[in-house]
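Visitor: Submitted below is the structure of interest, expressed as C-alpha cells.
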C-alpha cells in the first residue's frame, strides 16, 4: 500500500528574464528581433521550456510516492524550476554564501563576484557548440554527461561556476539543409533567389528549427547558464570574428593566394585539409558519391599513350584517366634510360593537338611505378602542381565548381567528371591509344569530403589562407612546458605530430551562410592586378584603400566585398573569449577568461581544440584554458561505428523515452537510405532490439555513458547496461520510499506514549538533527541532544558506524576520481555504496530497529523504552544522513532523481532550497575507521558461506536451519590485530544479525574447547573460522561434498604454487625479504585453511555414510 509523503509545496518565484541580443550577419539583411531570434535560445517548443512571462512554481510533491521509479514522471518539471531560480548562473551562491547575502546586502552580479574570487575557486567552461541544424545525438549526450557532472560537482563544492552554452551556425551543414528543403518544395534555388533573399530563408529556417538542440540540452539536464548563450552569428561574436580577421591580416598571418585547394564539388566549396577523409584503396572497388547516380570505379590503373612528334608513342598510367584533358606534360625520372631520348620531345594531345606538351625530367618520378612515365595535370594534383612550378608549366583547369567538365575539356564539356571517365576510355580506344585497365598494385589514397562523402578534387582557385606555423609552435611549447595539460596524456603525441607538421589553413568557403569575409576588392580605379583591402567596416576599408593607393578622394574609390564566408572553425576557434565580449575588455572577460577546462571528443582535437589554442595565444596572448579533457567515441555494443545504413544508430531521446521496434524500423524509411540498406538495417534492429528500447530515463542513460568512460577506450554502448542503471535508479527509489515510511512513522517507532514523551522529552515528528562527535557537531544544527534533535556518535551501533565509515570512504574515492576525470570510478564508487553497502546490508541490518513493535513485543521486551528509543533514533538519523549525503554524491551524475528524492526527505533548519546548490559531501575523518571494514568483511564472509551451504544442500526457503560458528585461532585474514577472544565477542554480539542475513533460525558461537556439533555439515570461512550447519533428512550431502572437494583441490594447487616458488634456484637471493615473508604467511594461512577443510570433508563423508 503506497504511503502519503507530503513535502514542501513550492512557492511562486519572480520569473527569470535577461536581455537578449539580435543575431547579426555582416553585410546581410538583418533578421527580426522577435523573441525567437534573440541571442539566447527561444523556449517555446518544449514542455521543459520557460516562457519569459510565465511564472513557474516548484514541483508539487504532495500525494503518494509512486510504488516504483517512473523516469518520465520524475524528470518532468524540475529543469524549468532550476532555470527560473537561476541556479545555473555564476550568481548561484553556495548555501553558505546565500546565508551571507540573505540580509540587506545586495547579491553581487556574476562578473563582480567572479572578479573578487580567486581563479582556483572558479570553474569556467564553454560547451562545444552543437550545430544549430542538429538534434541531440549520443556523442552530445556523453559530452553533456561529463561536462554537467563537472559543473554540478564544482558548483556544489562552493566554486563560482559558469558553463557557457551556445550553438554553431554550421555554415556548410545549414546551407545544405535549406537548399535541400527549397529543392524539395520546388522553390527557387539559392542562385535564383539571390544572396539576401536566400539568407532570409536560412534565418527563417533557423528561427523555426534552430532551438531544437537547446531544448534537448535541457532535456538531458545541462546546467548551463542560459543568459550567457552565444550563437556564432550573433552580433557580439560576429564583431569578434571581423576583429580577429583584421588583426591577423595586419599581422601578416592572413593572405590571399591562388593555390590548390581541397574542393567538394557536391558542396561547391573549398574545405580544409583536416576535413578530408583519406580512404585507403588496396584493391579495385566501386564507391557511391552524392549527386551521381552510378557507382564510381576506383583502385585501377588506366594505361594510354601519347603520340610523340616525329614518331613513336609514350605510354602512361593513371588512376584518374579523365584528368588527361588537363595534361600539359609527361614527366620521367632523369636516371631512367628508357626515356632519356624522349626528354624535351613534344607530345601530341589527342583532343587538343595544338597544345604545347613536352616530356620533362624530374626526380620526383618513381621509375618502378606504372610505366615510369607520369602525366602532369598541375591544376588538379598537388604533386603535379609542384612539378609544374619547377618546370614553368601552365595550369589548365578542366573542372567546373560543381564537378563537371568545363570549357577547357573540349568535346567532353558539360559531362559529369565520372561520366567523362567512362566516355573518354571509349574515345581513346577509337583512336587506338587506350591500353590496359589493371588493378593498382600500390595502395591508393582516395580523398573524400568528411561532410558529404564526395570525392575531393584539387582545384586551383584564389582563396584566403592563414599561416599557422608560428601559432602552432607556441601551442606545442604550451603543452611541452606543462602550461596546457591534455588528458589523457597519450593525446599529446597526436598534438605534437599535427602541429609540428601543420600546413597553412584555407579559411575561405564558397558559401553565403556564415561570416562574410571582411575583405574588399578595389573595382575603381581599375587595377592591373587584383587589389584587396580589409576593414572592420566598409568605411574603414575605403580609408585603407585610399592609403594603399595614395588617393585622398575616397569617393573616387569603389570596393566590392568578397562573396565568400569564413570557415566555420574560424569563428569556433574564438569561442572561449568571443562569448565574453572580446575584443572589448569587458567585465565578463576580466572575470571569466581564461576558462578552466575544455572538454570534448578527441575527434575534433585538430578541428577545434588546436585552433582555439592557436588563435587565443595570437589574439589575447593567453591560453584559452589550462586543461583539455578528451573523451572517446561512442560506438555500438559490438564496437562498430554508428551508421544509419547499418541500423545501429542510437538516438538518446529514444533511450530516455523508449520506442517500439516497429517505430524504430519506420524511422529508416523517412531518411534517404537505399531500399537494400533499409532492409539490412531493419534486420539489425530486429536482432539488437527485438522488443524495442525500454524507457530508461535521462539519469540512467547518463550513468551508463559515464560508466563506460575509461580513459583511452571507445564507448561500446550496450543498452542492456543502461537498462541495468535504470534498475539501480529503481532500487534507489525503493530505498528512499522505505526510509520515508520510517520517517513518517517515527512517533510510533520511537514509541512515544499518549503523553507524547520519552524520558521526559517531547517526541515531535521526525526532524533530523544529525550526529555529534562528542562535543563536536557533525550535525545540521548545534542543538543539544533532546527529543529528535540528533544523536551522539558513541550511541551508534556497530552497523551504523560501519555505514558512516563506508560513506566517508566513498566521499574520498569520489573526490579523487572527479579530480582525475575518472568518471567510471565515480559511478562505481557511488553505485557500490548504495547497492552493496546501503541497500544490501545496512537497510537489512537496521530493519529490526526500524519496525514498529506490536503490543506483545513491547510487553515481552525487558531492555527498557529509553534503550529502544535511542537505538531506533540512531537508525533514523543514520538512515537520513546516508540518503541526504548519498543523494548529494550522486547528484552531479543523476540530477533529476536526486532532486526528486532530496526534496522528499524530511526538512531541517539549514536544508538547501535545491540539491543543485547543496554542499558536496566530504570525507569525515572521525567516521573513517578501516577496522570496521575488516569486521564487516568477516561478517559478510560468514553469511556468504552459510548461504552457499544452504544453496548447495538444496534446503527449501521454508526450512530455517540452525548454524554455529567456531573460532579456534586468530583470524588474521580479516584483522591482524584481533585476538580470538575479540573475534568471538564480535561474532557473538551479531548472532541475530547473522541469522537474519543468512535466513536461518539461529546462529550461535561455540567455544574452541567445545566439540564440533553433531549432524552438521561444515565449511571453512578462513584459516581459523569455521561454520557448521545442522542438516535435516533429504539434504543433498553429496552435492555439498563435491563442492568441498573442488575447494580442496584449489587450495592444494595454490599451496603447490607457493612451494614451487620457494623451490626455485636462488629464491632466497633474488626475492626480496618482505615478499618472501608475505609468501610464507599466505602459504601458512592456506595450509591452515586446508587443514580445517579436510576436517570438514571427513565430517561430511561421515554424515553421507561414505
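Residue numbers (this note's numbering): 190 to 1295. Just so it is clear, CB atoms sit at the ideal spot from N, CA and C, and this is done for glycine as well.
From what residue to what residue does the beta strand (DSSP E) around residue 749 run?
Guide: The residue given as residue 749 occupies position 560 in the chain shown. Residues 747-750.
Visitor: Which residue's Cα is closest to the Cα of residue 500: 469, 489, 535?
Guide: The residue given as residue 500 occupies position 311 in the chain shown. Ranking the options by Cα distance to residue 500, first place goes to 535.
Visitor: Whether or not the stretch 516-534 and the stretch 542-551 are in contact is what I'm after, with contact meaning three or more pairs of Cβ atoms, one per stretch, closer than 8 Å; do they touch?
Guide: yes
Visitor: With distance defined between alpha-carbon atoms, name the residue in 337, 550, 494, 355 nearest to residue 620.
Guide: Position 431 of the chain shown, counting from 1, holds the residue named residue 620. Ranking the options by Cα distance to residue 620, first place goes to 494.
Visitor: Can you tell me whether residue 260 is buried or exposed, with buried defined as 16 or more other CB within 10 angstroms of its CB?
Guide: Against the chain shown, residue 260 aligns to sequence position 71. The residue is buried, with at least 16 neighbouring Cβ atoms inside 10 Å.
Visitor: Taking the alpha carbon of residue 1082 as the point to measure from, which residue in 367, 986, 337, 744 has its own alpha carbon closest?
Guide: Within the chain shown, residue 1082 is the residue found at index 893, counting from 1. The option with the nearest alpha carbon to residue 1082 is 337.
Visitor: In terms of residues, what are the limits of the alpha helix (DSSP H) holding residue 425?
Guide: Start at 1 with the first residue of the chain shown, and residue 425 comes out as number 236. First-last of the alpha helix (DSSP H) with residue 425: 424-439.
Visitor: If you measure between the beta carbons of residue 432 and residue 725, is that distance less than 8 Å?
Guide: Sequence index remark: in the chain shown, residue 432 carries index 243 (1-based). Sequence index remark: in the chain shown, residue 725 carries index 536 (1-based). Taking 8 Å as the Cβ cut-off, residue 432 and residue 725 qualify as a contacting pair.
Visitor: Could you tell me which uninterrupted alpha helix (DSSP H) segments, each at least 4 residues in length, are contained entirely in the stretch 1009-1050, listed from first to last along the chain?
Guide: 1012-1021, 1044-1049
Visitor: Pull the bridge partners of residue 827 from the DSSP assignment, please.
Guide: Locating residue 827 in the chain shown gives position 638, counting from the first residue. Answer is none; residue 827 lacks a bridge partner.
Visitor: If contacts are defined as beta-carbon pairs under 8 Å, then residue 1247 and residue 1268 qualify, I think. What distance do you get, rounded to the angstrom?
Guide: Mapped onto the chain shown, residue 1247 falls at position 1058. Mapped onto the chain shown, residue 1268 falls at position 1079. That pair is a contact at about 6 Å.
Visitor: Run through the stretch 1086-1162 for me and flag every whole beta strand (DSSP E) of 3 or more residues, listed as ranges in chain order.
Guide: 1151-1156
Visitor: Taking Cβ to Cβ, would you say residue 871 is nearer than 8 Å to residue 854?
Guide: Mapped onto the chain shown, residue 871 falls at position 682. Mapped onto the chain shown, residue 854 falls at position 665. In contact: residue 871 and residue 854 (Cβ atoms closer than 8 Å).
Visitor: Within the same chain, show all residues whose beta-carbon is closer than 7 Å to that of residue 955, passing over the 5 residues directly before and after it, in chain order.
Guide: Start at 1 with the first residue of the chain shown, and residue 955 comes out as number 766. The beta carbon of residue 955 sits closer than 7 Å to those of 932, 935, 977, 1065, 1095, all from its chain and outside the five residues before and after it, given in chain order.
Visitor: Rank 470, 506, 485, 537 by C-alpha distance to the C-alpha of residue 498 and give the top, closest one.
Guide: Translated into the one-based positions of the chain shown, residue 498 becomes position 309. Closest option to residue 498, Cα to Cα, is 537.
Visitor: How long is the line joining the alpha carbons of residue 1006 and residue 1015, rounded to whole angstroms?
Guide: As a first step, residue 1006 is located in the chain shown; it is residue number 817 there, counting from the start. As a first step, residue 1015 is located in the chain shown; it is residue number 826 there, counting from the start. Roughly 6 Å separates the two Cα atoms.
Visitor: Which residue wins for smallest C-alpha separation from residue 1225, given the options 451, 1145, 695, 1181?
Guide: For the purposes of this step, residue 1225 is identified with residue 1036 of the chain shown, where counting begins at 1. When each option's Cα is compared against that of residue 1225, the closest is 1145.
Visitor: With DSSP as the reference, please indicate the residues paired to residue 562 in a beta bridge.
Guide: Position 373 of the chain shown, counted from the first residue, corresponds to residue 562. Bridge partners of residue 562: 521.
Visitor: Just to confirm my understanding: we take residue 943, look at its own chain, exclude 5 residues before and 5 after, and list those with CB closer than 8 Å. What are they?
Guide: Your numbering for residue 943 matches position 754 in the chain shown. Bear in mind that the predicted position of residue 943 carries a pLDDT of just 40, short of 50, making it too unreliable to give a figure here.
Visitor: Output the boundary residues of the alpha helix (DSSP H) element that contains residue 626.
Guide: In the chain shown, the residue the question calls residue 626 occupies position 437. For residue 626, no alpha helix (DSSP H) encloses it; the enclosing beta strand (DSSP E) starts and ends at 623-628.
Visitor: Decide if the stretch 400-416 is in contact with the stretch 338-352; the criterion is three or more beta carbon pairs, one per stretch, under 8 Å apart.
Guide: yes
Visitor: What number of angstroms, rounded off, separates the C-alpha of residue 407 from the C-alpha of residue 846?
Guide: Sequence index remark: in the chain shown, residue 407 carries index 218 (1-based). Sequence index remark: in the chain shown, residue 846 carries index 657 (1-based). Approximately 15 Å, taken between the alpha carbons.
Visitor: If you measure between the beta carbons of residue 1085 and residue 267, is that distance less than 8 Å?
Guide: Within the chain shown, numbered from 1, the residue matching residue 1085 stands at position 896. Within the chain shown, numbered from 1, the residue matching residue 267 stands at position 78. Result yes, Cβ atoms of residue 1085 and residue 267 sit closer than 8 Å.
Visitor: Which one or two residues does DSSP pair with residue 459 in a beta bridge?
Guide: Counted from its first residue, the chain shown places residue 459 at position 270. Answer is 452.
Visitor: Mind listing, in chain order, the continuous beta strand (DSSP E) runs of no fewer than 3 residues lying wholly within the stretch 534-583?
Guide: 535-537, 546-550, 562-565
Visitor: What residues are listed by DSSP as bridge partners for residue 157?
Guide: The requested residue 157 does not occur in the structure, where the chain is confined to residues 190 to 1295.
Visitor: What residues in its chain sit with their C-beta under 8 Å from that of residue 1188, if we drop five residues either side in the sequence?
Guide: On the chain shown, residue 1188 is found 999 positions in, with the first residue counted as 1. Annotation for residue 1188: 1136, 1139, 1146, 1149 place their beta carbon closer than 8 Å to its own, counting only its chain and skipping 5 residues before and after.
Visitor: Between residue 368 and residue 640, how many whole angstroms is the CB-CB distance? I'm expecting something under 8 Å.
Guide: In the chain shown, residue 368 corresponds to position 179, counting from 1. In the chain shown, residue 640 corresponds to position 451, counting from 1. Not a contact, Cβ separation roughly 14 Å.
Visitor: Considering only residues of the same chain and omitting the five flanking positions on each side of residue 449, which have a CB-CB separation below 6 Å?
Guide: Taking the first residue of the chain shown as 1, we reach residue 449 at position 260. Here the set comprises 571, 574, 647, 649.
Visitor: Hey, is residue 826's beta-carbon within less than 8 Å of any beta-carbon in chain C?
Guide: The structure shown contains no chain C, having only a single protein chain.
Visitor: Pick out the complete alpha helix (DSSP H) segments inside the stretch 756-807, 4 residues or longer, and give them in chain order.
Guide: 757-762, 764-767, 776-781
Visitor: Taking the alpha carbon of residue 792 as the reference point, which residue from 821, 767, 768 has its own alpha carbon closest?
Guide: Position 603 of the chain shown, counted from the start, is the residue given in the question as residue 792. Closest by alpha carbon: 821.
Visitor: With DSSP collapsed to three states, give me the class of residue 352.
Guide: Here residue 352 corresponds to residue number 163 of the chain shown, with the count starting at 1. Strand at residue 352.
Visitor: Verify whether the separation of the beta carbon atoms of residue 429 and residue 694 is less than 8 Å.
Guide: On the chain shown, position 240 is the one that residue 429 refers to. On the chain shown, position 505 is the one that residue 694 refers to. No, these two residues do not count as a Cβ contact at 8 Å.
Visitor: With 16 as the cutoff for other CB atoms within 10 Å, does residue 1058 come out buried or exposed?
Guide: For the purposes of this step, residue 1058 is taken as residue 869 along the chain shown, with counting starting at 1. Per the 10 Å Cβ criterion, buried.
Visitor: With distances taken Cα to Cα, identify the nearest neighbour of residue 425 among 403, 760, 714, 993.
Guide: The residue given as residue 425 occupies position 236 in the chain shown. Nearest option by C-alpha distance: 760.
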